[in-house]
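Only one structure is covered here, and it is reproduced in the block below.
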Amino acid sequence: MIMIWTIFKELNLIDNNNIIGLMFIPEVYKLYHNNPYNNFKHAFVVFRNSYLIYRKIKHQIELTKLELFSLLIAALCHDIDHPGITNKNAKKILEEHHVSVVISLMSKHNIMDRFDDIKRPEIIQIISDLILSTNMQYHNDIVTKLSNIKKFNNISDRDKLLAMKGIIKMADLSNELSEEADLWSYAIIDEFKKEAVEFGPDTMSIDLTKYNHMKSQSWFVSNIVLRLYVEMSILFPLLCDFRNAIERRVSIYSTASESSINSVNLLESTNNIFNSMNK
Ligand SMILES: [Zn+2]
Numbered sequence: 006m007i008m009i010w011t012i013f014k015e016l017n018l019i020d021n022n023n024i025i026g027l028m029f030i031p032e033v034y035k036l037y038h039n040n041p042y043n044n045f046k047h048a049f050v051v052f053r054n055s056y057l058i059y060r061k062i063k064h065q066i067e068l069t070k071l072e073l074f075s076l077l078i079a080a081l082c083h084d085i086d087h088p089g090i091t092n093k094n095a096k097k098i099l100e101e102h103h104v105s106v107v108i109s110l111m112s113k114h115n116i117m118d119r120f121d122d123i124k125r126p127e128i129i130q131i132i133s134d135l136i137l138s139t140n141m142q143y144h145n146d147i148v149t150k151l152s153n154i155k156k157f158n159n160i161s162d163r164d165k166l167l168a169m170k171g172i173i174k175m176a177d178l179s180n181e182l183s184e185e186a187d188l189w190s191y192a193i194i195d196e197f198k199k200e201a202v203e204f205g206p207d208t209m210s211i212d213l214t215k216y217n218h219m220k221s222q223s224w225f226v227s228n229i230v231l232r233l234y235v236e237m238s239i240l241f242p243l244l245c246d247f248r249n250a251i252e253r254r255v256s257i258y259s260t261a262s263e264s265s266i267n268s269v270n271l272l273e274s275t276n277n278i279f280n281s282m283n284k
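Positions in the sequence shown are counted from 1; adding 5 to them yields the numbering used here.
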C-alpha cells in the first residue's frame, strides 16, 4: 500500500496536504474481497504493470498528469468490490459496478483535489472507459481498433485513449510474464469452482468435467493474450520484449499440452521481465 501511495506522490498526482486522501488506498484495499483471483494482489499487479508499461513507452505516448492519474486509479480499482463471480450471474456488468464504487470513493476522499473542478468530469470519463475496457467482451474489438492505428505519430485523443486501454489490458493479462503465472491460472479456476459451489455448475462459464488446464491456457494465451501484445508491440516497439516472452509461453504451453507435462515444472523457462525491470 505504501508503494502505491509513494508512486502517486512521486508523480505529484496526489495533493501533499490531502490528509483525507491518505485513507483512500487502505479503503480500496478493504473493498477488494478475499477472492482466489480477483483480489487486491491482482489489483496491485495491474497497477504496477500499467505503470511499468507506460514508463517503457513514455517517449511515444506522453500522458498528461490527468491522464496518468486516471490510468493508475483505473488500474488499481478495475476489479474493486468484485464478488468473485462472473458477469453472467450479475444483474449489471461488473465493470460498471467497479466504476461506480471508485467514483464515490474518490469523491469521499477528495482524491481529485489536485485537479480543477472543470477537469474532474474528464478524469471520471477516462477512468470509466478504462475500467470498462477490461471487460473481456470488448477484447477483440479493442485489439482490432489497435491494429487499425497505423502509426503512433500526431495521435488524436481517441487513439491515445485506445493506447491507454491497450496498456491497462496488457497489465490485466500480464500473469504470463510472472514467475507466478501458473498459480494465477489455477487461482482463476478456483474462483470458477467457488462460483459453481454457490450457484450450481450450470452457471459456470467453463465445463470443468471437460476442462484441460494446459489446453485451455494454451488457447487463451495464443488467441487472446498474444494478439493484444502483438498489436501493442507494433505500435510501441519497446514492448517487443513482452511480446517475445508471451510467444515463449505459447510455445511452452503447446509443447506441454501435447505431452501433458505439468506446467508448474515449466516455470523456470520463463523470464520474469517485469521483476527484472523493477530492479
Ligand atoms: Zn483484472
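Note that beta-carbon positions come from the ideal geometry of N, C-alpha and C, so glycine has one too.
Within 7 Å: the Cβ of residue i and any heavy atom of ligand 1?
| i | result |
| --- | --- |
| residue 140 | no |
| residue 107 | no |
| residue 134 | no |
| residue 115 | no |
| residue 51 | yes |
| residue 47 | yes |
| residue 164 | no |
| residue 83 | yes |
| residue 86 | no |
| residue 177 | yes |
| residue 180 | no |
| residue 43 | yes |
Whose CA, out of the options, lies closest to the CA of residue i?
| i | options | result |
| --- | --- | --- |
| residue 217 | 42, 261, 104, 130 | 261 |
| residue 67 | 161, 187, 78, 36 | 161 |
| residue 77 | 99, 101, 48 | 48 |
| residue 236 | 187, 69, 153, 19 | 153 |
| residue 106 | 84, 115, 11 | 84 |
| residue 256 | 55, 181, 90, 65 | 181 |
| residue 70 | 26, 37, 12 | 12 |
| residue 171 | 14, 145, 187, 223 | 145 |
| residue 199 | 188, 183, 40 | 40 |
| residue 10 | 27, 163, 186 | 27 |
| residue 194 | 36, 72, 91, 35 | 91 |
| residue 65 | 239, 254, 126 | 239 |
| residue 60 | 124, 125, 16, 164 | 16 |
| residue 89 | 36, 125, 138 | 36 |
| residue 46 | 124, 185, 150 | 185 |
| residue 50 | 82, 22, 224 | 82 |
Assuming residue i is part of the alpha helix (DSSP H), what are its boundary residues?
| i | result |
| --- | --- |
| residue 88 | Neither: residue 88 is in no alpha helix (DSSP H) and is coded neither H nor E. |
| residue 174 | 162-177 |
| residue 134 | 125-138 |
| residue 143 | It is not in any alpha helix (DSSP H) - residue 143 carries neither H nor E in the DSSP assignment. |
| residue 42 | Counting along the chain, residue 42 falls outside any alpha helix (DSSP H), and DSSP gives it neither H nor E. |
| residue 222 | 218-225 |
| residue 31 | 29-36 |
| residue 109 | 99-113 |
| residue 5 | What the structure shows of the chain is the stretch from 6 to 284, and residue 5 is not part of that stretch, so it cannot be assessed. |
| residue 154 | Counting along the chain, residue 154 falls outside any alpha helix (DSSP H), and DSSP gives it neither H nor E. |
| residue 8 | 7-15 |
| residue 73 | 70-82 |
Can the beta-carbon of residue i be found less than 8 Å from the beta-carbon of residue j?
| i | j | result |
| --- | --- | --- |
| residue 247 | residue 258 | no |
| residue 241 | residue 131 | no |
| residue 128 | residue 120 | yes |
| residue 103 | residue 136 | yes |
| residue 122 | residue 20 | no |
| residue 18 | residue 52 | no |
| residue 176 | residue 250 | no |
| residue 42 | residue 192 | yes |
| residue 140 | residue 98 | yes |
| residue 87 | residue 38 | yes |
| residue 2 | residue 110 | Residue coverage of the chain in this structure runs from 6 to 284, which leaves residue 2 outside it and unanswerable. |
| residue 55 | residue 229 | no |
| residue 166 | residue 134 | yes |
| residue 34 | residue 8 | no |
| residue 244 | residue 58 | yes |
| residue 219 | residue 72 | no |
| residue 190 | residue 222 | yes |
| residue 252 | residue 231 | yes |
Is residue i close to ligand 2? I mean its beta-carbon at under 7 Å from any heavy atom of the ligand.
| i | result |
| --- | --- |
| residue 116 | Inclusion of ligand 2 in the displayed structure is not the case, the ligand content consisting of ligand 1 alone. |
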